[in-house]
Amino acid sequence: KQEVTQIPAALSVPEGENLVLNCSFTDSAIYNLQWFRQDPGKGLTSLLLIQSSQREQTSGRLNASLDKSSGRSTLYIAASQPGDSATYLCAVRLPSGTSYGKLTFGQGTILTVHP
Amino acid sequence: GAGVSQTPSNKVTEKGKYVELRCDPISGHTALYWYRQSLGQGPEFLIYFQGTGAADDSGLPNDRFFAVRPEGSVSTLKIQRTERGDSAVYLCASSLRGGGETQYFGPGTRLLVL
Numbered sequence: 001k002q003e004v005t006q007i008p009a010a011l012s013v014p015e016g017e018n019l020v021l022n023c024s025f026t027d028s029a030i031y032n033l034q035w036f037r038q039d040p041g042k043g044l045t046s047l048l049l050i051q052s053s054q055r056e057q058t059s060g061r062l063n064a065s066l067d068k069s070s071g072r073s074t075l076y077i078a079a080s081q082p083g084d085s086a087t088y089l090c091a092v093r094l095p096s097g098t099s100y101g102k103l104t105f106g107q108g109t110i111l112t113v114h115p
Numbered sequence: 001g002a003g004v005s006q007t008p009s010n011k012v013t014e015k016g017k018y019v020e021l022r023c024d025p026i027s028g029h030t031a032l033y034w035y036r037q038s039l040g041q042g043p044e045f046l047i048y049f050q051g052t053g054a055a056d057d058s059g060l061p062n063d064r065f066f067a068v069r070p071e072g073s074v075s076t077l078k079i080q081r082t083e084r085g086d087s088a089v090y091l092c093a094s095s096l097r098g099g100g101e102t103q104y105f106g107p108g109t110r111l112l113v114l
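Protein chains in written order, with the working numbering: chain A, 1 to 115; chain B, 1 to 114.
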């Protein structure tokens, strides 16, 4: 059974810092990995999707890397801003089969960026 | 265009009652997913529809939970004989074809069973 773990559970940083969020998964046979952001009381917003054949994806100040063989992904946020404060979730998708559409999530990292 | 919508946004019910939660996916999306999120946890998969049929219902916790998507668009998650442990946020997502693309999530329905 695929298990996804995120470290740290919570992180508080001053504005302007660069930071790294970690995600690990037990079964390396994934189809892709996705990072989401969740604001309090809201749904999930997709940030980056990395296919299993890719090493990284970038969007603005965000960079996500994937090391499938070691079962790890990192989300790097550059020059953090208070508006980045949210819960960040990673999720993996298994290869084709009946569970193809299913995402398995970590428990999230709660990020607080203070001015 | 419009995103995924869910109604109601909040639902309070009493133990033992029946509830229905509705999801309107993005127009044209053939795949629809239900997840459940407990406080402080990541979402957990419940069921995945491809068109009108359930392609994977392995996440439904027991036979009190049932979901339908009769016309391949709107979906309803039905919970019979609710229990306090069913209290959670129920999230719906849709994607264009199903499988490997990005899933777009709705705001969720917060269910509280008293």
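Cβ atoms here follow ideal geometry from the backbone N, Cα and C, with glycine treated the same way.
Chain-ordered neighbours of residue i on chain A, where CB pairs are closer than 7 Å
i, result
"residue 33 (chain B)", "101"
"residue 43 (chain B)", "105"
Within chain B, the residues that residue i reaches when beta carbons sit closer than 7 Å
i, result
"residue 43 (chain A)", "91, 105, 106, 107, 108"
"residue 93 (chain A)", "100"
Residue i: first and last residue of the uninterrupted beta strand (DSSP E) it sits in
i, result
"residue 11 (chain B)", "10-13"
"residue 46 (chain A)", "44-51"
"residue 53 (chain B)", "53-56"
"residue 33 (chain B)", "31-37"
"residue 19 (chain B)", "19-24"
"residue 4 (chain A)", "4-7"
"residue 31 (chain A)", "Neither: residue 31 (chain A) is in no beta strand (DSSP E) and is coded neither H nor E."
"residue 44 (chain B)", "44-50"
"residue 78 (chain B)", "75-79"
"residue 4 (chain B)", "Looking at the DSSP string, residue 4 (chain B) is not in any beta strand (DSSP E), and its letter there is neither H nor E."
"residue 112 (chain A)", "109-114"
"residue 109 (chain B)", "109-113"
"residue 103 (chain A)", "103-105"
"residue 62 (chain B)", "First-last for residue 62 (chain B): undefined, no H or E at that position."
8 Å Cβ cut-off: residues of chain B touching residue i
i, result
"residue 28 (chain A)", "Here the premise fails: no neighbours, minimum Cβ distance about 17 Å."
Under 8 Å between C-beta atoms of residue i and residue j
i, j, result
"residue 40 (chain B)", "residue 72 (chain B)", "no"
"residue 19 (chain A)", "residue 80 (chain A)", "yes"
"residue 13 (chain B)", "residue 4 (chain B)", "no"
"residue 114 (chain B)", "residue 15 (chain B)", "yes"
"residue 38 (chain A)", "residue 47 (chain A)", "no"
"residue 6 (chain A)", "residue 106 (chain A)", "yes"
"residue 35 (chain B)", "residue 45 (chain B)", "yes"
"residue 87 (chain A)", "residue 110 (chain A)", "yes"
"residue 72 (chain A)", "residue 30 (chain A)", "no"
"residue 36 (chain A)", "residue 4 (chain A)", "no"
"residue 52 (chain A)", "residue 114 (chain A)", "no"
"residue 82 (chain B)", "residue 21 (chain B)", "no"
"residue 27 (chain A)", "residue 2 (chain A)", "yes"
"residue 23 (chain B)", "residue 37 (chain B)", "no"
Buried or exposed (CB count within 10 angstroms, at least 16 for buried), residue i
i, result
"residue 67 (chain B)", "buried"
"residue 77 (chain A)", "buried"
"residue 94 (chain B)", "buried"
"residue 17 (chain B)", "exposed"
"residue 58 (chain B)", "exposed"
"residue 75 (chain B)", "buried"
"residue 40 (chain A)", "exposed"
"residue 117 (chain B)", "Examination of residue 117 (chain B) is not possible in this model, given that chain B is present from 1 through 114 alone."
"residue 11 (chain B)", "buried"
"residue 127 (chain B)", "This structure gives no information on residue 127 (chain B), because the portion of chain B shown stretches from 1 to 114."
"residue 67 (chain A)", "exposed"
"residue 106 (chain B)", "buried"
Residues that residue i contacts on chain B, provided the C-beta gap is smaller than 9 Å
i, result
"residue 46 (chain A)", "102, 103, 104, 105"
"residue 89 (chain A)", "42, 43"
"residue 108 (chain A)", "40, 41, 42"
Interface partners of residue i on chain D, CB under 9 Å
i, result
"residue 111 (chain A)", "The structure shown contains no chain D; its protein chains are A and B."
>> Using a Cβ-Cβ cutoff of 8 Å, what residues of the region 46-59 of chain B are near chain A? List them in chain order.
In response: 48, 50, 55, 56, 58, 59
>> Beta carbons nearer than 9 Å to chain B: which residues of the region 12-41 of chain A have them?
In response: 31, 32, 34, 36, 38, 41
> Taking a cut of 8 Å between CB atoms, which residues from the region 56-77 of chain A lie near chain B?
Replying inline: none
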